[in-house]
Each structure stands twice: as structure tokens, then as C-alpha cells.
Amino acid sequence: MTTESSIGSVPGAEENDLVRRNTAQEVNQTLDTRMADRVRGYAARGDSNELSARIEELEQEWSIERLIETEASIMGLTGLGLGAFINRKFLAVPAFVGAMVLLHGVQGWYPMLPLFRRLGFRSREEIDREKFAMKVVRGDFVGADNGETASETERVGKALAAIRKS
Amino acid sequence: MTPSNTDQIADRVREHSPSTFNKAIDRETEGRLLRYAAMGEEGITRQIEELEKEWDMERLLETNASTLTVAAMAAFGLTRNKKWLFVPGFVMSFFFQHAVQGWCPPVPVFRRAGVRTRQEIEREKYALKVLRGDFNDLGAYENEGEITEKALRAVAR
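Protein chains in written order, with this note's numbering: chain A, 1 to 166; chain B, 1001 to 1157.
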């Protein structure tokens, strides 16, 4: 394993992100490498306004779930309309789409997943990983945990403040 | 802990949920964090694993909407009664609305039951990572490059 593969997830560790688990390894790695290079680029420039803009952008980024939901509902509704008014055979489309979304919800795979992944769409976990890396670079976590000496309330309060900093 | 500024963070489901449900979910998260802060590394690591497996709002809605669609299409196939087609019609319209706007009828019900968005789950996860010490000593590094590599390792841990 190359060092790059350790950026997205710990090598050998079980992948809890169903989108990543159902994506070809090299596609995951490409997305991870691009993410890491972006973080390095922003860090090298060191402009905190630019970092804040990027963090905001990441919060607005369309996750792959949102894309699948949009695509599936458009396909399903179109098929349903054509089936109800033009030709009943089109009703196979909403039935198929429904079955595929169910499969995706339960197990993670989806027919459009390979395409959407290659287009660069990411799971919310991946987007948030970049977001929190950018927050670290911005300095949000400096002194976020002052360890054993502080009370639990204080430690949790500080951690949450760092997490929520916008 | 003061009232959070979490509502500034873009999260369409939170924006379209009653704030009492949002607050209840936040309070529960904070209570859990206080317990885990006292538990030490092993307990925290176990909880992070749990959070990664937690069913979020999107997954629950996807499963629900598709189950209803498949069931209604099967009922139509068996009965040939066109009225069944209203079910996928409604379900998929709301599903589309949810994807685009963030709200659909089951959202308030699920929110009341404590179902969280992935962003909320991730925030608890990263708070736990802070408490576990994943982000400690970041100030001790002199150059940006080192901090970046440490950050990338810390978020992937």
C-alpha cells in the first residue's frame, strides 16, 4: 500500500462508509489524493479567508446521497408519468428505480454509483473529512483539548466550540 | 455550554426541522460527549465506530421511500388497479422535494424520534476525536507542511 491510501482511511480497517465500500479502490484513492492536495494547497497559501470560503463551500457541496435522491426521483416520476399516460411498460422504470434505491439504502451499491464516483461526487463523510482538515489548518483546533487538568464539561465545551466554529 | 451556533452551519434538514427537535438532539449529543469524555480512549474509539454505523436521515428516507414505492408497484402489478400508482407518485415527489429543498413529510417525525443528519453525526464524531487527543499538539509544529500532514492523518484516524 502506498502512503496515499492511508489518507482516506486506515489501511486494513473495516470501511464503515458504504459509498467507499462500494467504489473501486483506485477511484477512492484518486478522490483521497485530490482532497489531500487541495488541503496542502490551501495550507501552503495560508490565507484564512480563503480557507473559510472553502469550508463554507464544502458545507454546501452536493453529497452523493443528494444526487442519487434527485436522480432517482426524476427517473421514477418520469417513468410513472409515461407509464400512466403513454404505455404501461414504462411502469417498469419506477419499480426498478425503487428496488435500486432500496438496495442502496440497505447495502450501499447503486447502478449509477460508479459513474457518479468517477464524476467526483463524494459521501458526506468524505466531504466532512476535508472540511475538518481545513479547519485544523485554519487553527480551529489549537488548544482545543487541554487534557487531564480540565473538567469534562470544560473539555467538551472547548471541543464543541472548535467543531462549530464557522 | 452556551446555546450553539450550529444553526449557522448549512444543513438543509436542520433548517427545515422545528428548533425544539434540533435542540433536543443537540442536548443528547452533549450529554453523550460528557459521558465519553470521562471514559478514556477505548470507550471513545468504540463510540466513533458506532457513530460511523449509525443510520442517518438520508439513509432512512431512501429506505422508506423505496420500500413504499416497491410495495405499491407490486400491489399495482397484482391488482391492476391504477389507484396504486398514486403512492409512488406522492412518495417520489416528496423524495424529490427532500433532495432539492431538505424537507418532506416524514422528516419531522424522524427528527422527533432523534434521527440525525450525517453532518450532526460527524460533528459528534470529530468532537470525540478532539477528546481522544487526535488533534493535540498541533501548535507544536513549526512549518505549515507538517501541520497539514498531521491534519490529514488526524482526520483519517
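Yeah, the Cβ is synthetic: ideal placement off N, Cα and C, and Gly gets one too.
Only a predicted model underlies this, so the values are computations on that prediction, with no experimental measurement involved.
Mind pulling the chain B residues with CB within less than 9 Å of residue i?
i	result
A/Gly46	Glu1144
A/Ala84	Lys1082, Leu1085 and Gly1089
A/Arg117	Here the premise fails: no neighbours, minimum Cβ distance about 17 Å.
A/Gln60	Ala1010
A/Ala53	None at all; the shortest Cβ gap to chain B is about 13 Å.
With distances taken between CB atoms, is the gap from residue i to residue j smaller than 8 Å?
i	j	result
A/Val97	B/Ala1065	no
B/Arg1132	B/Thr1029	no
A/Arg20	A/Asn28	yes
A/Arg124	B/Gln1101	no
B/Thr1117	B/Arg1014	yes
B/Leu1068	A/Leu80	no
A/Leu67	A/Phe132	no
A/Glu130	B/Ala1038	no
B/Leu1051	A/Val156	no
B/Ala1072	B/Val1087	yes
A/Leu31	A/Arg122	yes
A/Asn16	A/Gly108	no
A/Ala44	B/Glu1041	no
A/Glu59	B/Ala1154	no
B/Thr1063	A/Gly105	yes
Mind listing the chain A neighbours of residue i? Cutoff is C-beta to C-beta under 8 Å, in chain order.
i	result
B/Phe1096	Glu69, Thr70, Ser73, Ile74 and Leu77
B/Glu1041	Going along chain A, no residue has its Cβ under 8 Å from B/Glu1041, so there is no contact; the nearest lies around 12 Å.
B/Val1100	Thr70
B/Glu1030	Val156 and Leu160
B/Thr1020	In chain order: nothing, as chain A lies at least about 19 Å away.
Using a Cβ-Cβ cut-off of 7 Å (strictly less than) and excluding sequence neighbours within five positions of residue i, which residues of its own chain qualify?
i	result
B/Leu1138	Ile1147 and Lys1150
A/Asp140	Ala162 and Lys165
A/Arg54	Tyr42 and Met134
A/Thr70	none
A/Ile127	Leu58, Glu61 and Ser63
Spatial neighbours of residue i within its chain, please: CB distance less than 6 Å, with the 5 preceding and 5 following residues excluded, ordered by chain position.
i	result
A/Gly83	Phe90 and Leu91
A/Ser48	Arg138
B/Arg1157	Asp1134
B/Ser1017	Arg1111
B/Leu1152	none
B/Pro1003	Unreliable placement is indicated for B/Pro1003, whose pLDDT of 41 sits below 50; no coordinate value is reported for it.
A/Thr2	For A/Thr2, the pLDDT reaches just 40, beneath the cut-off of 50, and the residue's location in the model is therefore unreliable, leaving the point undetermined.
A/Val142	none
B/Lys1125	Ile1048 and Leu1051
What do you reckon, is the C-beta of residue i under 7 Å from a heavy atom of the ligand NAP?
i	result
A/Glu130	As far as ligands go, the structure on display features none, and thus does not contain the ligand NAP.
Please list, in chain order, the chain B residues whose beta carbon lies closer than 8 Å to that of residue i.
i	result
A/Asp37	Residues of chain B passing the Cβ test: none, with the nearest at roughly 10 Å.
A/Ile163	Arg1123, Tyr1126, Ala1127 and Val1130
A/Leu80	Leu1085, Pro1088, Gly1089 and Met1092
A/Phe90	Chain B residues near A/Phe90: none, gap ~11 Å exceeds 8 Å.
A/Asn16	Glu1049, Glu1052 and Lys1053
A/Glu125	Glu1052, Arg1118 and Glu1122
A/Arg129	Val1155 and Ala1156
A/Pro94	Thr1069, Met1073, Pro1088 and Met1092
A/Ala99	Ser1066 and Val1070
A/Ala144	Val1130 and Phe1135
Excluding sequence positions up to five away, which residues of its chain have a Cβ less than 8 Å from the Cβ of residue i?
i	result
B/Phe1021	Pro1108, Arg1111 and Arg1112
B/Tyr1036	Gly1043, Ile1044, Gln1047, Leu1128 and Leu1131
A/Val39	Glu130, Ala133, Met134 and Val137
B/Glu1054	Arg1116 and Ile1121
A/Gly12	Only weak support exists for where A/Gly12 lies, its pLDDT of 46 falling under 50; the value from the coordinates is given anyway. Excluding residues within five positions, none has a Cβ falling inside 8 Å.
A/Arg118	Val27
B/Ile1025	Arg1111, Gly1114, Arg1116 and Glu1120
A/Leu103	Trp109 and Tyr110
A/Val93	Met75, Gly76, Thr78, Gly79, Leu80, Leu82 and Gly83
What does residue i touch in chain B if you count any residue whose Cβ is under 7 Å from its own?
i	result
A/Phe141	Val1130, Phe1135 and Leu1138
A/Arg40	Thr1148
A/Leu102	Thr1063, Ser1066, Thr1067 and Val1070
A/Gly120	Neighbours of A/Gly120 on chain B: none; closest Cβ ~18 Å, over 7 Å.
A/Val27	Residues of chain B passing the Cβ test: none, with the nearest at roughly 17 Å.
A/Val106	Thr1063
A/Glu65	Glu1058
Using a cut-off of 9 Å between C-beta atoms, extract the partners of residue i located in chain A.
i	result
B/Ala1151	Val39, Ala43, Phe132, Ala133, Met134, Lys135, Val136, Val137 and Phe141
In chain A, which residues lie with their C-beta within 7 Å of the C-beta of residue i?
i	result
B/Ala1037	Glu152, Arg155 and Val156
Original post:
Can you list, in chain order, the stretches of the alpha helix (DSSP H) that have 4 or more residues and sit fully within the stretch 1059-1106 of chain B?
Top reply: Here the runs fully enclosed are 1086-1101.
Subject >> Complete alpha helix (DSSP H) runs within the stretch 44-99 of chain A (minimum length 4 residues, chain order) >> reply: The qualifying runs are 48-60 and 64-85.
Original post:
Looking at C-beta atoms only, is the number of pairs between the stretch 1051-1060 of chain B and the stretch 1068-1081 of chain B that lie closer than 8 Å three or more?
Top reply: No, because fewer than three Cβ pairs between the stretch 1051-1060 of chain B and the stretch 1068-1081 of chain B fall closer than 8 Å, the two stretches do not touch.
Subject >> Inter-stretch contact (C-beta, 8 Å, three-pair minimum) for the stretch 74-83 of chain A and the stretch 1083-1095 of chain B >> reply: Contact between the stretch 74-83 of chain A and the stretch 1083-1095 of chain B is established, with three or more Cβ pairs separated by less than 8 Å.
**OP:** Report yes or no: do the stretch 108-119 of chain A and the stretch 1102-1110 of chain B share at least 3 C-beta pairs separated by less than 8 Å?
**Re:** The answer is no - the stretch 1102-1110 of chain B does not touch the stretch 108-119 of chain A, with fewer than three Cβ pairs under 8 Å.
Subject >> In chain order, each alpha helix (DSSP H) run of at least 4 residues that lies wholly inside the stretch 1106-1136 of chain B >> reply: Unbroken alpha helix (DSSP H) runs of no fewer than 4 residues, entirely contained in the stretch 1106-1136 of chain B, are found at 1106-1112 and 1118-1132, following chain order.
**OP:** Let me know the alpha helix (DSSP H) ranges lying completely inside the stretch 1010-1052 of chain B, each 4 residues or longer, listed in chain order.
**Re:** Counting whole runs of 4 or more residues, the stretch 1010-1052 of chain B contains the alpha helix (DSSP H) stretches 1012-1015 and 1019-1037.
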